[in-house]
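Contents: one structure, followed by commentary.
There are 6 protein chains.
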Amino acid sequence: MFSVSVRDHMMVAHSLRGDVFGPAQALHGATYVVDATFAGPAVDDDGILVDIGRAAGALRVVVADLGYRNLDEDDRFVGRNTTTEVLAQHVADRLAEQVGGAGLGGGRVTRLTVTLHESHVARASYERGI
Amino acid sequence: MFSVSVRDHMMVAHSLRGDVFGPAQALHGATYVVDATFAGPAVDDDGILVDIGRAAGALRVVVADLGYRNLDEDDRFVGRNTTTEVLAQHVADRLAEQVGGAGLGGGRVTRLTVTLHESHVARASYERGI
Amino acid sequence: MFSVSVRDHMMVAHSLRGDVFGPAQALHGATYVVDATFAGPAVDDDGILVDIGRAAGALRVVVADLGYRNLDEDDRFVGRNTTTEVLAQHVADRLAEQVGGAGLGGGRVTRLTVTLHESHVARASYERGI
Amino acid sequence: MFSVSVRDHMMVAHSLRGDVFGPAQALHGATYVVDATFAGPAVDDDGILVDIGRAAGALRVVVADLGYRNLDEDDRFVGRNTTTEVLAQHVADRLAEQVGGAGLGGGRVTRLTVTLHESHVARASYERGI
Amino acid sequence: MFSVSVRDHMMVAHSLRGDVFGPAQALHGATYVVDATFAGPAVDDDGILVDIGRAAGALRVVVADLGYRNLDEDDRFVGRNTTTEVLAQHVADRLAEQVGGAGLGGGRVTRLTVTLHESHVARASYERGI
Amino acid sequence: MFSVSVRDHMMVAHSLRGDVFGPAQALHGATYVVDATFAGPAVDDDGILVDIGRAAGALRVVVADLGYRNLDEDDRFVGRNTTTEVLAQHVADRLAEQVGGAGLGGGRVTRLTVTLHESHVARASYERGI
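Residue numbers (this note's numbering), protein chains in the order written: chain A, 38 to 167; chain B, 38 to 167; chain C, 38 to 167; chain D, 38 to 167; chain E, 38 to 167; chain F, 38 to 167.
Have a look at this one:
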């Protein structure tokens, strides 16, 4: 199994509803350093699973569409907490739209994992099939 | 599949018995930077697999119970080498006790991985089910 | 010259006023991973410039007082942009209050540097005397 | 499941054939920081899956045999692009030769993963069985 | 004193002339992860020493002009070894051209440091005034 | 001003005397990831301040002479606490012996800084002239 990972980041504001979140119930924010990992069983004749430049470009589009926002006012997350887990799933699902069929990876990518590092001591991931 | 990882560290002394260990047969020590990864298929209605603050707290308890000790004199490791692999398993098993049933992660965590980084060039992990 | 550095982090929301900030003029947020470096010419008879545990505790207090907030509504920054540079200076000045006289470092610390990492590709620092 | 990882690096020149590579079609180079992860279900009586020193030694031999070269002129890659994916597979296959039978890990290693970090924002991996 | 640092990278081929370089006398290559640090005594009314976005853009231009090349055939380095030290100085001098006068940092930047990380275990820097 | 930095590590046991150290008064241990930075105003005709390979070799000798030991029983530290600060100074002084005269760096190195990272959240440095 091969995989290719690219890294980018986004900076957002949000609050989290629920007593479990303690002080994070207040409006605050985060830098998420985002790793997107594309995995599949084979490379093409050029020796690539997915072109690193194109993978980075795809991730750039997804994080740019989330960054510099207050996610509490974002229509895509109405009624949902934008936890690190939920945001990892959102990024993965958005990337998956570009990977299917003849898209990014030319049909070779079968799994996708997105990891959001919220600090030097905490991160969350979401892994899914294509 | 979702996962949440938290990081902490512990500083211990120990020696390792067996010719394979070369100079590490002498009493020496290590800082282990510890990553604990909790994984499961779903998040709850709050959008969390496991609360990052509670996960960090659980890891803190486990590493505090090992840190600032000479593991050669620790009753929990009599007759065993406290290699990085063995310590990773120990930390994982201790964390697993807090994850079962209605504990940390509310029954959503199905796998647990603990990685101990012993330097910038070496680490060991232990992964287990819940 | 000796120095001791400790690391912690804080998660805040804010916006930045001024065309130069582009999309960062909108309400967004950041995780700042904070390094505080205490420097001085000599250690005491115990071999320490400043106790690492106490230094970490002092930094913890300062970042906890900023974290999980919307800095746009914080009285301490009225009329000022909370750029990474400004926040680095704020953290350094707050730490300096604890370092003077017989405080943290027992008079041995003569310089203080605070670095805020806002992502894996950008950071800002403020260095000052005591 | 246990795993042990060791890190080393190599510095090579190469070019990549194919329009998809854009500017990387020109002769350029890379530092690959290489992580080799050995995984298996059990440790031996000494508490080790694979000795970290011996694992590091095995990786050293493999990367030394690639480093400080122009891979475009290397007989082992004639007619193939030496992408990060391809090089990860090459390193894994070379390490696998040392892991089989009574070799490194004494038959306990069942999976091998090699990750090549080509920068702070991109990496590729190859995972295989033993 | 304030400072702002941004990070980027470049991938080049080169060889080094002189017995001291041992195997690095052969054509090989490197990824240089580049940190550019702009320092000065004061921030402007917006609270910035230098805009992080503009600083990153300036660094991008400089590293793009070096990346994906064989530096042995680059007119800018005829008769000189492109060691990590020499390349750090080159990047710093190129950035300095953009910092003087009313350029990047609006006259507030007085020192510039460029660090090139050539691997996880080695780096070189060049620091100069403006 | 140029500088070159190399990284290595050592694993030691020790205890620290004095109430200020709390639990670290017990015998424990640490991995110190060590960065040695050699600085000077000029490079030689080969374009080097100090050869990275030779610098790494010099650091290797110094850390090998400390590693895999119980520093409480080391004649070099009788009556002294082996704090991170003290060990940074020791490593720097040992390296300095190799830098003077026509040694490492051929007289070009004028300052030496040694940083010991004792965990992902704490480090200490010692800087001195040559």
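Think of the CB as a built atom: it goes at the ideal place given N, C-alpha and C, for glycine as much as any other residue. For clarity, every value in this text was computed on a predicted model and none was experimentally measured.
{"query": "Per-residue burial, Arg-113 (chain C) [other beta carbons within 10 Å of its own, 16 or more giving buried]", "result": "exposed"}
{"query": "N-terminal and C-terminal residue of the alpha helix (DSSP H) that Leu-96 (chain B) is part of", "result": "89 to 101"}
{"query": "Close beta carbons around Gly-168 (chain D), own chain, < 7 angstroms, minus the five adjacent residues each side", "result": "Only positions 38 to 167 of chain D appear in this structure, which leaves residue 168 (chain D) out of reach."}
{"query": "Where the beta strand (DSSP E) containing Ala-159 (chain A) begins and where it ends", "result": "159 to 166"}
{"query": "Below-8 angstroms beta-carbon distance, Gly-84 (chain E) vs any chain C residue", "result": "yes"}
{"query": "C-beta neighbour in chain F for Val-80 (chain C), strict 8 angstroms", "result": "yes"}
{"query": "Chain C contacts from the region 50 to 84 of chain E (Cβ-Cβ distance under 7 angstroms)", "result": "Val-80, Asp-83, Gly-84"}
{"query": "8 angstroms Cβ cutoff met for His-127 (chain C) and Arg-44 (chain A)", "result": "no"}
{"query": "Cβ-based contacts, 9 angstroms cut-off: residues of the region 126 to 156 of chain D near chain B", "result": "none"}
{"query": "Ala-139 (chain E) - DSSP class collapsed to helix/strand/coil", "result": "coil"}
{"query": "Residues bridged to Ala-76 (chain A) [DSSP beta-bridge criterion]", "result": "A:Ser-40, A:Arg-148"}
{"query": "Close beta carbons around Leu-103 (chain A), own chain, < 7 angstroms, minus the five adjacent residues each side", "result": "Met-47, Val-49"}
{"query": "Which listed residue (C:Ala-93, C:Thr-74, C:Glu-155) has its alpha carbon closest to that of Arg-165 (chain C)", "result": "C:Thr-74"}
{"query": "Anticipated Cβ contact below 8 angstroms, Leu-153 (chain E) with Tyr-69 (chain E), distance rounded", "result": "4 angstroms"}
{"query": "Listed by chain order, chain A residues near Asn-107 (chain D) by CB distance under 7 angstroms", "result": "Going along chain A, no residue has its Cβ under 7 angstroms from Asn-107 (chain D), so there is no contact; the nearest lies around 17 angstroms."}
{"query": "CB of Val-123 (chain D) within 8 angstroms of CB of Asp-88 (chain A), strictly", "result": "no"}
{"query": "Which listed residue (D:Ala-95, D:Val-146, D:Asp-109, D:Arg-145) has its alpha carbon closest to that of Ala-61 (chain D)", "result": "D:Asp-109"}
{"query": "Whole-number beta carbon distance between Gly-77 (chain A) and Thr-147 (chain A), since they are thought to touch under 8 angstroms", "result": "5 angstroms"}
{"query": "Per-residue DSSP class, three states only, for Val-123 (chain E)", "result": "helix"}
{"query": "Gly-142 (chain D) beta carbon less than 8 angstroms from that of Leu-86 (chain D)", "result": "yes"}
{"query": "Residues bridged to Tyr-69 (chain C) (per DSSP)", "result": "C:Met-47"}
{"query": "Identified DSSP bridge partners for Ser-156 (chain F)", "result": "F:Ala-159"}
{"query": "CB contact below 8 angstroms: Arg-117 (chain D) versus chain A", "result": "yes"}
{"query": "Contact with chain A by Ser-42 (chain B), beta-carbon distance below 8 angstroms", "result": "yes"}
{"query": "Phe-114 (chain F): contacting residues in chain E (beta-carbon distance under 8 angstroms)", "result": "Within chain E, no residue comes near Phe-114 (chain F); the closest Cβ sits about 27 angstroms away, beyond 8 angstroms."}
{"query": "Distance, Asp-72 (chain D) Cα to Val-99 (chain F) Cα", "result": "26 angstroms"}
{"query": "Ala-161 (chain B) vs Ser-162 (chain D) beta-carbon contact at 8 angstroms", "result": "no"}
{"query": "Among B:Val-80, B:Arg-117, B:Ala-92, B:Gly-116, nearest to Glu-134 (chain B) - alpha-carbon criterion", "result": "B:Ala-92"}
{"query": "Outcome for Arg-97 (chain B) when other beta-carbon atoms lying within 10 angstroms are tallied against a minimum of 16", "result": "exposed"}
{"query": "Check whether Ala-95 (chain E) and Leu-132 (chain E) have beta carbons under 8 angstroms apart", "result": "yes"}
{"query": "Check whether Arg-117 (chain A) and Gly-84 (chain B) have beta carbons under 8 angstroms apart", "result": "yes"}
{"query": "Straight-line Cα distance separating Val-151 (chain F) from Ser-42 (chain F)", "result": "9 angstroms"}
{"query": "Cβ neighbour criterion (16 or more within 10 Å) applied to Ala-19 (chain C)", "result": "Here chain C comprises residues numbered 38 to 167, so residue 19 (chain C) is not present and cannot be evaluated."}
{"query": "Proximal residues to Thr-119 (chain E) (C-beta, below 7 angstroms), its chain only, five neighbours per side dropped", "result": "His-51, Leu-108"}
{"query": "Chain-order list of residues whose beta-carbon lies under 8 angstroms from that of Glu-155 (chain D) (same chain, five-residue window excluded)", "result": "Ala-67, Thr-68, Tyr-69, Thr-121, Ala-161"}
{"query": "Under 7 angstroms from the C-beta of Ile-167 (chain B): neighbouring residues of chain A", "result": "Under the 7 angstroms cutoff, chain A gives no residues; its nearest Cβ is about 17 angstroms from Ile-167 (chain B)."}
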